[in-house]
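Under the numbering used here, think of the first position of the sequence shown as 5, with each following residue one higher.
Here the structure comes first, spelled out in C-alpha cells, and everything after it is commentary.
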Amino acid sequence: MLHLIYLIAFTVIAFLAIGNLIRNLLSLSFDSQRSFSPSGKSPTQWGRNQVNANPSPAKLVPHPELLDDSGNPINEPLLVMRSMTVEDARQQLDAIYNSSPGNSKGKTEENQ
C-alpha cells in the first residue's frame with residue numbers, strides 16, 4: 005500500500021515538473037520574441053507621453069569585455085588557438101613536470 009502512495013505521489017510531482025518546464029519554455033520563447041521599449045517604459049506606459057518620446061533610436065552599448073582600455077570596440081579575434089602536435093604537447097608537459105619542485109629524482113632517472 006505504501007508503494008502505491010509513493011508511486012502516485014512521484015507521478016504527480018513528475019507531471020507538475022514537466023508542466024512547469026513546458027510553461028517556462030513557452031514563456032521564454034515569447035519573451036525572446038518580444039521587443040522592449042528603448043526608453044525603459046513598461047508596456048502599460050507605451051501609449052502615454054508620445055510627444056516627449058525620444059525620436060532617435062536606442063544606441064547599443066557593447067559588453068565591457070569587448071572594449072579596450074580607451075572604450076573602443078575590439079576588432080580582433082578574442083580567442084586564437086594554435087594547433088600542436090602530440091610531440092610538442094609531450095615536451096611541454098615533460099618540461100613542466102621536470103621543473104616542478106618535488107621532482108628531484110626525475111632528472112636523474114632520465115639521464116640513466
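Beta carbons: idealized from backbone N, C-alpha and C, even for Gly.
Asked, Found
"Neighbourhood of Ala21 by C-beta distance below 7 Å, restricted to the same chain and skipping five residues each side", "none"
"Spatial distance of Arg38 from Asn28 (CA atoms)", "15 Å"
"In DSSP terms, what Pro77 is bridged to", "Leu71"
"Span separating the alpha-carbon of His67 from that of Pro81", "15 Å"
"Distance, Leu25 Cα to Ile12 Cα", "20 Å"
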